[in-house]
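Peer 1:
Numbering (our numbering), first residue to last: 56 to 363.
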């Protein structure tokens, strides 16, 4: 029997609003050399305090000793980030699909790219290989010597703030406190989606201009692609997740491009239409990189029936 059902458009797609893309400061990609990776020089650290050595005092006790010598308070290091590509490949029988295969491949990239980029930024893995630098879940630094004066830090090791597993609210506060000691601006808190509900219930988050922030003012990335793993890459127990804090994020992304043209999308092996689209990314952050494990409720792994 011939299918007589009416063909209609699928539901409109809406990306998750508080994912990684909401926090990245996207740069102009006019110079295509960024696709080979980028090097940048963040200003990290803070300022110290001192006092003038010449002043008068009244009362007993006498003046303080001469002020100490001024020492370095800042860190001017070269950071690097590597490029990776997300892609979609869609394959269907030719009848009724030829004229929309390419548009479908482009749309598919737009639908899934944020989650895939989040996964790469957290794990460092793209195409099943550990090639994405920097990434969040890492306990070993990677310093590259590119032949120029000085070296380039491609990967920082996440500093674990405490070995204890903290309640999610306490953990957020401790993580933000550590971030504030390292970074004087608005940082980024990276959390899996499962961490958001308990933070909302405890009134720790607020929406500002379509973005998510803590009450202390740091932006929160709620990543559908964030797996919640430790700096060593280990999965946490049930009811526990690792969360991370970094400085501000910068990124480059190419336009979505089709691989091949209309005359090349016919797969003659099986007589189907195959279309592929892809987009290249580079993402890095400045200065700080902290990690902490929190309890979100539920049961601890291997301990049935008991709280985590």
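Backbone N, C-alpha and C define an ideal beta-carbon position, used for all residues, glycine too.
What are the partner residues of residue 278, as DSSP defines its beta bridges?
Peer 2: Position 223 of the chain shown holds residue 278. For residue 278, which the question treats as bridged, DSSP gives the partners 247.
Peer 1: Quick one: Cα of residue 175 to Cα of residue 60, how far?
Peer 2: As a position in the chain shown, residue 175 is number 120, starting the count at 1. As a position in the chain shown, residue 60 is number 5, starting the count at 1. Residue 175 and residue 60: Cα-Cα distance of roughly 41 Å.
Peer 1: Bridge partners of residue 17, per DSSP?
Peer 2: Past the boundaries of the shown model lies residue 17; the chain is included only from 56 to 363, so the question cannot be answered.
Peer 1: What's the C-alpha gap between residue 62 and residue 345?
Peer 2: As a first step, residue 62 is located in the chain shown; it is residue number 7 there, counting from the start. As a first step, residue 345 is located in the chain shown; it is residue number 290 there, counting from the start. In a straight line, the C-alpha of residue 62 is about 51 Å away from that of residue 345.
Peer 1: Measuring CA to CA, which of 269, 169, 213 and 297 is closest to residue 221?
Peer 2: The residue labelled residue 221 in the question sits at position 166 within the chain shown. Selected option, being the one with the closest Cα: 297.
Peer 1: What is the C-beta distance between residue 313 and residue 160, in whole angstroms, given that I count them as a contact (C-beta under 8 Å)?
Peer 2: By one-based count along the chain shown, residue 313 stands at place 258. By one-based count along the chain shown, residue 160 stands at place 105. Sure, about 7 Å apart at Cβ, within 8 Å.
Peer 1: So, for residue 76: in the same chain, excluding its five sequence neighbours on each side, which residues have a beta-carbon less than 7 Å away from its beta-carbon?
Peer 2: Locating residue 76 in the chain shown gives position 21, where the first residue counts as 1. Within the same chain, residue 76 has close Cβ partners 169.
Peer 1: If we count the other Cβ atoms within 10 Å of its Cβ and call it buried at 16 or more, is residue 269 buried or exposed?
Peer 2: Here the question's residue 269 lines up with position 214 in the chain shown. Residue 269 is buried by the Cβ-count criterion.
Peer 1: Contact check, residue 343 vs residue 300 under 8 Å by CB: the rounded distance?
Peer 2: As a position in the chain shown, residue 343 is number 288, starting the count at 1. As a position in the chain shown, residue 300 is number 245, starting the count at 1. Yes, they are in contact, since the Cβ atoms of residue 343 and residue 300 sit about 7 Å apart, within 8 Å.
Peer 1: Is DSSP giving residue 366 helix, strand or coil here?
Peer 2: It is not possible to answer for residue 366, since the shown part of the chain is limited to 56 through 363.
Peer 1: Using 10 angstroms around the beta-carbon of residue 120, count the other beta-carbons present and answer buried if the total reaches 16, otherwise exposed.
Peer 2: Start at 1 with the first residue of the chain shown, and residue 120 comes out as number 65. Classification for residue 120: exposed.
Peer 1: From residue 102 to residue 125, what distance separates their C-alpha atoms?
Peer 2: The residue you call residue 102 lines up with position 47 of the chain shown. The residue you call residue 125 lines up with position 70 of the chain shown. Residue 102 and residue 125: Cα-Cα distance of roughly 10 Å.
Peer 1: Considering only residues of the same chain and omitting the five flanking positions on each side of residue 58, which have a CB-CB separation below 6 Å?
Peer 2: Position 3 of the chain shown holds residue 58. Excluding sequence neighbours, residue 58 sits near nothing in its chain.
Peer 1: When the distance is taken between beta carbons, is residue 122 closer than 9 Å to residue 94?
Peer 2: As a first step, residue 94 must be located in the chain shown, where it is residue number 39. As a first step, residue 122 must be located in the chain shown, where it is residue number 67. Cβ atoms of residue 94 and residue 122: not closer than 9 Å.
Peer 1: Please state the DSSP three-state secondary structure of residue 145.
Peer 2: Sequence index remark: in the chain shown, residue 145 carries index 90 (1-based). Strand at residue 145.
Peer 1: Using 10 angstroms around the beta-carbon of residue 80, count the other beta-carbons present and answer buried if the total reaches 16, otherwise exposed.
Peer 2: Indexing the chain shown from 1 puts residue 80 at position 25. Under this definition residue 80 is an exposed residue.
Peer 1: By alpha-carbon positions, which one of 285, 132 and 155 ends up nearest to residue 195?
Peer 2: Position 140 of the chain shown, counting from 1, holds the residue named residue 195. When only C-alpha atoms are compared, the closest one is 285.
Peer 1: Rank 137, 100, 74 and 132 by C-alpha distance to the C-alpha of residue 307 and give the top, closest one.
Peer 2: On the chain shown, position 252 is the one that residue 307 refers to. Ranking the options by Cα distance to residue 307, first place goes to 137.
Peer 1: Can you say whether residue 182 is buried or exposed, counting buried as having 16 or more other CB atoms within 10 angstroms of its CB?
Peer 2: Position 127 of the chain shown, counted from the start, is the residue given in the question as residue 182. Exposed: under 16 other Cβ atoms inside 10 Å.
Peer 1: Examine chain D for any beta-carbon lying closer than 9 Å to the beta-carbon of residue 186, and answer yes or no.
Peer 2: Note that chain D does not occur in the displayed structure, where there is just one protein chain.
Peer 1: Indicate whether residue 262 and residue 143 have their beta-carbon atoms separated by less than 9 Å.
Peer 2: For the purposes of this step, residue 262 is taken as the residue at position 207 of the chain shown. For the purposes of this step, residue 143 is taken as the residue at position 88 of the chain shown. Not a contact, by the Cβ cut-off of 9 Å.
Peer 1: Can you tell me the Cα-Cα spacing of residue 292 and residue 327, whole angstroms?
Peer 2: On the chain shown, position 237 is the one that residue 292 refers to. On the chain shown, position 272 is the one that residue 327 refers to. Rounded to the nearest angstrom, the two C-alpha atoms are 44 Å apart.
Peer 1: To the nearest angstrom, how far is the alpha carbon of residue 86 from that of residue 237?
Peer 2: As a working mapping, residue 86 is identified with position 31 in the chain shown. As a working mapping, residue 237 is identified with position 182 in the chain shown. Distance between the alpha carbons of residue 86 and residue 237: 32 Å.
Peer 1: Which residues does DSSP pair with residue 131 in a beta bridge?
Peer 2: Within the chain shown, the letter at position 76 stands for residue 131. DSSP lists 98 as partners of residue 131.
Peer 1: Does DSSP put residue 347 in a helix, in a strand, or in coil?
Peer 2: Residue mapping note: residue 347 aligns to position 292 of the chain shown, counting from 1. Reduced to three states, the DSSP call for residue 347 is strand.
Peer 1: State the DSSP-derived secondary structure class of residue 234, mapped to helix, strand or coil.
Peer 2: The residue given as residue 234 occupies position 179 in the chain shown. Residue 234 falls in the helix class under three-state DSSP.
Peer 1: Ignore the nearest five residues each way along the sequence and tell me which others in residue 72's own chain have a CB closer than 7 Å to its CB.
Peer 2: On the chain shown, position 17 is the one that residue 72 refers to. So the list reads 265, once near-sequence residues are dropped.
Peer 1: Would you mind stating whether residue 234 and residue 226 have Cβ atoms separated by less than 9 Å?
Peer 2: Here residue 234 corresponds to residue number 179 of the chain shown, with the count starting at 1. Here residue 226 corresponds to residue number 171 of the chain shown, with the count starting at 1. No, these two residues do not count as a Cβ contact at 9 Å.
Peer 1: Looking at residue 352: is its Cβ nearer than 9 Å to the Cβ of residue 135?
Peer 2: Numbered from its first residue, the chain shown carries residue 352 at position 297. Numbered from its first residue, the chain shown carries residue 135 at position 80. No, these two residues do not count as a Cβ contact at 9 Å.
Peer 1: Rounded to a whole number of angstroms, what is the C-alpha to C-alpha distance between residue 367 and residue 69?
Peer 2: As shown, the chain starts at 56 and ends at 363. That puts residue 367 outside it, with no answer to give.
Peer 1: Give the straight-line distance between the Cα atoms of residue 219 and residue 348, rounded to the nearest whole angstrom.
Peer 2: Here residue 219 is taken as the residue at index 164 of the chain shown, counted from 1. Here residue 348 is taken as the residue at index 293 of the chain shown, counted from 1. If you take the alpha carbons of residue 219 and residue 348, they lie about 7 Å apart.
Peer 1: Given that a residue counts as buried once 16 or more other Cβ atoms are within 10 Å of its Cβ, and exposed if not, what is residue 318?
Peer 2: In the chain shown, counting from the first residue as 1, residue 318 sits at position 263. Since pLDDT at residue 318 reaches only 46, below the 50 mark, its modelled position is unreliable, and no value is offered.
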